[in-house]
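K.L.:
Here you go, one structure.
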Amino acid sequence: MQVKVKGVGLTKVFRLGFFGHKLVNAVDGVDIFLEDGGKACLIGESGSGKTTLARVLLMLLKPTKGKVFFNGTELTTLPESKLRGFRRRMQMVPQHPEAFLDPRWFIYDSVAEPLRIHGLVDRKSEELEKVLEVTELVGLKPEHLRRRPMDLSGGELQRVAIARALILNPEFLVADEPTSMLDLPTQAKILAILLELQRRMRFTLLFITHDFNIARYMSDYVYVMYSGRVVEEGGVKDILEEPIHPYTKSLVRGVVYDLEGSKGWVRCPFYKRCRMRLKVCSEKPPKMFKVDGERKVRCWVYGEER
Ligand SMILES: Nc1ncnc2c1ncn2[C@@H]1O[C@H](COP(=O)(O)OP(=O)(O)O)[C@@H](O)[C@H]1O
Ligand SMILES: [Mg+2]
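Heads up, our numbering is the position in the sequence shown plus 151, with the first residue counted as 1.
Here it is, written out as structure tokens:
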């Protein structure tokens, strides 16, 4: 496969508290490979590090450790002046579009803004043409462009957010739970539009969700995240049919684990609940092991090192 975006050993530690003494390992040694023109999902509960990982891949946050590659170029060592050329090519659709749209602006200006920031059009007529084109692509009408954010529904605002990202014709698009605030019929429409645009424009899509039904619809490959680490990855069908990791099972089958006090990675957080546990599971955090083909799971039961 042709890799578009690659993350190796990505780690992001936040410092909290007045003196910055409390450390949060939001992302903790993640390896991720996104195929050119492919569709992958990041799935995991709230706080598992999905948004942080995405922001690191887009170089919106500098990783504490690890490397990000785009088309084979390492971005993590580039100075900001050189990064600028890559920024247009990597875009994000946020979870809360209203937070990114200026309430005083006409929608037209919000959609056109990325073109202006990146200096991509010289003439107003050219700008108008591009704005109208992308407006139609996301299923909005020209009259929406003359309104302000408060006069649009949640679904329409999300379409504006998609338009803002796609007007730059990106090669890599992250959609961060873009429909989680919408009602079901609106969700379905937005997801269908994103899929159709991905098929036509062939950008590499990383979709973030906490819902396996959405992951199945939106992607071919999934990374399951728990507490900053990938615990299982593989083809979405394989994982849905036969989840291996206890956490993936809980997401697929809707089992809820009470993991109070066992978060973090001093050992396997699922040690107490797991019927297959080995001695090592209580002693060391599990590593990632290949299962068959392209599947991987963070579980000692599938490892050589015991
Ligand atoms: N800017 C930040 N400063 C400090 N901690 C953060 C920051 N952003 C995220 N975190 C923490 O990192 C962890 C992962 O957060 P996040 O990436 O937003 O998870 P998710 O998107 O899966 O809900 C959480 O514990 C969160 O509180
Ligand atoms: Mg998030």
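We put the CB at the ideal spot given by N, CA and C, even for glycine.
Just tell me which of 159, 176, 160, 161 has its CA closest to the CA of residue 167.
P.N.:
176
K.L.:
For residue 417 and residue 366, I'd like the C-alpha separation in whole angstroms.
P.N.:
29 Å
K.L.:
Let me confirm a value: residue 172 is counted as buried when at least 16 other C-beta atoms fall within 10 Å, else exposed. Which label applies?
P.N.:
Exposed is the call here.
K.L.:
What residues come near ligand 2, if near means a beta carbon less than 7 Å from any of its heavy atoms?
P.N.:
197, 201, 202, 246, 327, 328, 359
K.L.:
Provide the residue span of the alpha helix (DSSP H) that contains residue 335, from first to last.
P.N.:
335-352
K.L.:
Closer than 8 Å by C-beta to residue 308: which residues in its own chain qualify, once you throw out the five before and the five after it? Chain order, please.
P.N.:
248, 249, 252, 300
K.L.:
Under 9 Å between the Cβ atoms of residue 382 and residue 449?
P.N.:
yes
K.L.:
Determine the direct distance from the alpha carbon of residue 373 to that of residue 447, and round the result to whole angstroms.
P.N.:
11 Å
K.L.:
Report the residue from 243, 227, 223, 355 whose alpha carbon sits nearest the alpha carbon of residue 215.
P.N.:
227
K.L.:
In whole angstroms, give me the CA-to-CA distance for residue 324 and residue 191.
P.N.:
11 Å
K.L.:
Confirm, please, whether the CB-CB distance from residue 335 to residue 289 is below 9 Å.
P.N.:
no
K.L.:
Is it the case that the Cβ atoms of residue 242 and residue 209 are separated by a distance below 9 Å?
P.N.:
yes
K.L.:
Please list the terminal residues of the continuous beta strand (DSSP E) segment that includes residue 218.
P.N.:
216-221
K.L.:
Within this structure, are the beta carbons of residue 257 and residue 156 separated by less than 9 Å?
P.N.:
no
K.L.:
If you run the structure through DSSP and keep just helix, strand and coil, what is residue 192?
P.N.:
Strand, per DSSP.
K.L.:
Whose CA, out of 274, 435, 194, lies closest to the CA of residue 377?
P.N.:
194
K.L.:
Ligand 1 heavy atoms versus the CB of residue 204: any closer than 8 Å?
P.N.:
yes
K.L.:
For residue 261, I'd like the list of residues in its chain whose CB is within less than 7 Å of its CB, leaving aside the five on either flank, ordered along the chain.
P.N.:
252, 253, 311, 315
K.L.:
Can you find the residues in the same chain that come closer than 7 Å, C-beta to C-beta, to residue 457, ignoring five residues on each side of it along the sequence?
P.N.:
At residue 457, the pLDDT of 47 sits below 50, so the modelled position is not reliable; the number obtained from the coordinates is stated separately. Result list for residue 457: 429, 431, 451, in chain order.
K.L.:
What's the gap between the Cα of residue 266 and the Cα of residue 229?
P.N.:
Taking the Cα positions, residue 266 is about 23 Å away from residue 229.
K.L.:
Would you say the beta carbon of residue 402 is closer than 8 Å to some non-hydrogen atom of ligand 1?
P.N.:
no
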